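Everything on this sheet refers to the single structure shown next.
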Amino acid sequence: MKRPSFVVYGVLAAFVLGSAFPFYWSYLVASRDNSVLTGDLTLVPGGNFFANAARVFDTIPFWKGLGNSFIVSGTVTASVVLLSTLAGFAFAKLRFRGRGVLFLFVVATLAVPTQLGIIPLYMAMAEFGWAGELEAVIVPNLVTAFGVFWMRQYLIDTVPDELVEAARMDGCSLWRAFWHVALPAARPAAAMLGVFTFMQSWNDFLWPLIVLTPDNPTLQAALEKLQSGYYVDYSLVLAGTTLATIPVLIVFLVLGRQIVAGVMQGAVKG
Amino acid sequence: MTALLTKEVDRERTEEVRSPSPLRHRLSKLDNRVSPYLFVAPFFVLFGAVGLFPLLYTAYVSLFDWDLGADDPKFLGLENYRTLFTDGQFWNALFNTFSIFLLSSVPQVITAVVLAALLAANLRGRTAWRMGVLLPYVASLVALTIIFGNLFGPQFGLVNTVLTTVGIPPIDWQANTFGSHVAIASMVNWRWTGYNALIVLAAMLAIPRDLYEAAVVDGAGPVRQFFSITLPMLKPTLIFVIVTSTIGGLQIFTEPKLYDPSAGSGGGAEHQYQTVVLYLYQSAFQQLDLGYASAIAWTLFLIVIAVAGLNFWLTRRAVR
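Chains D and F, in that order, are what the protein sequence lines are. If you read the first sequence in the working numbering, its first letter stands for residue 1, the second for the next number, and so on. If you read the second sequence in the working numbering, its first letter stands for residue 271, the second for the next number, and so on.
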């Protein structure tokens with residue numbers, strides 16, 4: 001296949017620059033004082049980033065939010081990955097009455113906007129005394145229909161039926177067959193599901209905003225508090241967004257290749 | 271030799287299985303019968319409790335005058351819905367939601383297909399380009415919205431500065447209804463176009479090469495090939511992309527909520543960019559009217575299902 005012309009590279013480069021620009025702009029504003037707002041168009045960073053970052057730490061419970069986000073997203077991810085693999089394995093490799101109907105139910109719920117159930121969910125959290133606690137953001141997200149679907153699609157081709165049969169012949173219980181045969185085989189798909197679940201949970205905003213309090217927030221809910229009030233101090237607010245972006249950029253630089261593969265594989269499998 | 275040995279071992283194993291102890295045999299049967307249900311149970315129990323039940327219970331709450339924290343809600347029947355259908359603010363929110371949705375989904379799908387076609391070329395540094403277009407996808411939505419709010423600032427925002435520099439009068443990206451919709455849609459587009467391009471790209475790469483070779487033999491040019499082969503072969507993927515973006519797009523909340531910090535949950539001074547979920551949030555958690563907010567939620571639920579279904583049907587017909 002011949003190499004494409006420079007026009008293709010040019011268009012793609014413009015697109016990638018456009019993709020990266022808002023990140024850079026955020027740092028640019030954060031590194032200066034508010035004079036950048038008066039409309040001068042210098043694209044060179046100033047030297048105030050650390051001063052503005054320090055003000056972020058004074059204004060919102062940034063570290064607490066960061067820690068909470070790690071706890072919440074970590075727990076949610078572990079649960080979604082394990083329970084999805086377990087159910088996905090059963091749907092892909094075990095025979096049981098009602099399997100077809102139950103799986104159809106999983107597929108049907110993929111399209112259901114469960115986010116719209118937040119009002120009763122809030123009432124339940126208040127009832128359990130979980131409002132303001134991390135349980136309130138963890139428990140409603142412990143499983144996803146997408147996770148079960150994704151793992152089933154992967155395992156159905158990856159694990160040969162004979163392997164499960166053989167494990168059974170050797171006297172393995174189904175649980176051990178899951179643990180020793182399915183789980184190792186599921187690792188690549190489980191890793192991708194993990195990355196996507198983590199990012200989704202990390203970015204969740206509506207529900208944490210409703211159910212958590214300003215002194216015990218996730219990172220996203222904490223960031224929002226930076227710009228409340230009539231006067232918005234953008235060098236402060238965008239210092240906050242820059243700080244919050246650093247962890248995800250690191251993750252992206254380390255795992256970007258896998259994330260790209262995951263997105264593309266999801267398209268073919270789904 | 272090794273093969274022979276394995277065979278030997280296999281035979282031994284089979285014999286072992288043929289004569290299991292009765293207890294073990296029974297346990298194994300029980301395991302076969304019960305374990306699959308135990309494996310799928312956590313999903314169904316949890317999903318039912320925190321996903322499906324709240325959604326269905328929303329319909330029940332919507333029949334009451336149910337204030338947050340009040341003890342005994344008063345049954346209203348369909349009163350909340352009657353109010354809702356004559357509520358100008360609801361229709362306005364519905365209009366805004368659809369307007370923002372169209373401004374984001376239509377250009378996005380088209381750009382994604384074009385971008386995918388570019389990425390499908392035999393590029394140097396293939397993976398780097400793919401990572402480059404996916405970069406916005408990992409951005410935190412809250413951070414992104416705040417940044418875009420700044421870029422589209424009516425007075426000192428970069429967008430207006432650039433417009434003024436090239437001689438176009440500045441636009442009030444907040445007060446102007448259409449302007450605010452464009453600004454919010456651009457956040458959605460910025461975040462999701464690259465992601466969808468990769469999905470389309472994967473589908474494009476899966477199209478068998480010989481289809482194109484046959485087309486070349488028949489004398490079809492690149493444009494003809496694109497419309498007669500590529501696009502029809504992308505049909506399932508495009509349906510997937512469009513339906514998922516519908517479900518997400520109609521529930522848009524974070525972007526309008528944080529777009530202009532001084533606007534709070536109103537979606538602008540005149541509610542010019544208040545979306546349905548934002549109105550739902552305002553009704554439930556600021557006006558504390560849970561019954562009415564539930565009526566909004568349930569109505570939106572039905573709309574999402576209907577529009578997703580319609581999209582599915584239309585896309586299937588249009589891209590044949």
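A virtual CB, placed ideally from N, CA and C, is assigned to each residue, including glycine. All figures in this text were calculated on a predicted structure; none of them were measured in a lab.
Item: Contacting residues, own chain, Cβ-Cβ under 8 Å from D:P45 (five flanking each side not counted); Value: Y27, L28, S31 and R32
Item: Which of helix, strand or coil DSSP assigns to F:F422; Value: coil
Item: Neighbour flag for F:P324 against chain D, beta carbons, 7 Å; Value: yes
Item: Every unbroken alpha helix (DSSP H) inside the region 356 to 391 of chain F [4 residues or more]; Value: 358 to 389
Item: Chain D contact for F:Q552 (CB, 7 Å cutoff); Value: no
Item: Candidates F:L528, F:Y549 and F:L550, of which the one nearest D:T241 by Cα; Value: F:L528
Item: is_contact[D:G65, chain F] using C-beta, thresh 7 Å; Value: no
Item: Those residues which DSSP pairs with F:K344 across a bridge; Value: F:D335
Item: Contacts that F:N392 makes with chain D (C-beta to C-beta distance below 8 Å); Value: M1, K2, R3 and P4
Item: Proximity test, Cβ basis, 7 Å: F:T397 and chain D; Value: yes
Item: Under the three-state DSSP convention, the category D:V263 falls into; Value: helix
Item: Assumed close pair D:V181, D:L193 - CB separation to whole angstroms, cut-off 8 Å; Value: 18 Å between Cβ atoms; not a contact.
Item: Below-7 Å beta-carbon distance, D:A191 vs any chain F residue; Value: no
Item: Beta-carbon proximity list for F:A319, same chain, < 8 Å, skipping 5 on both sides; Value: none
Item: 7 Å Cβ cut-off: residues of chain D touching F:T353; Value: Neighbours of F:T353 on chain D: none; closest Cβ ~17 Å, over 7 Å.
Item: From F:V546, F:L508, F:A576 and F:A539, residue whose alpha carbon lies closest to that of F:A382; Value: F:L508
Item: Residues that F:D559 bridges to, as DSSP identifies them; Value: F:D337
Item: Cutoff 6 Å; reference F:F418; Cβ partners in own chain excluding five residues on either side; Value: M457
Item: Option nearest D:V143 by Cα separation, candidates D:P61, D:T114 and D:K225; Value: D:T114
Item: Straight-line Cα distance separating F:D559 from F:P343; Value: 11 Å
Item: Chain-ordered chain D contacts of F:N420 [CB-CB under 7 Å]; Value: V29, Y234 and L238
Item: Whole runs of the alpha helix (DSSP H) within the region 433 to 492 of chain F, excluding any shorter than 4 residues; Value: 447 to 475 and 479 to 487
Item: Per-residue DSSP class, three states only, for F:Y551; Value: helix
Item: Cβ of F:A413 within 7 Å of any chain D Cβ; Value: yes
Item: Neighbourhood of F:S535 by C-beta distance below 7 Å, restricted to the same chain and skipping five residues each side; Value: K527, L548, Y551, Q552 and Q556
Item: Under 7 Å from the C-beta of F:V403: neighbouring residues of chain D; Value: F15, V16 and S19
Item: Chain-order list of residues whose beta-carbon lies under 6 Å from that of F:P531 (same chain, five-residue window excluded); Value: none
Item: Range of the contiguous alpha helix (DSSP H) that encloses F:P306; Value: P292 to F317
Item: Cβ of D:V159 within 7 Å of any chain F Cβ; Value: no
Item: Under 7 Å (Cβ pairs) to chain D, residues found in the region 467 to 489 of chain F; Value: L468, I469, L471, A472, A473 and A476
Item: Under 7 Å from the C-beta of F:S564: neighbouring residues of chain D; Value: I119
Item: Sub-7 Å separation of D:V211 and D:A136 beta-carbons; Value: yes
Item: Below-7 Å beta-carbon distance, D:F205 vs any chain F residue; Value: yes
Item: Chain F contact for D:S173 (CB, 7 Å cutoff); Value: yes
Item: Reference F:R587; option with closest CA among F:F448, F:I454, F:V470 and F:L501; Value: F:L501
Item: Spatial neighbours of D:Q200 in its chain, beta-carbon cut-off 7 Å, leaving aside the 5 residues before and after; Value: none
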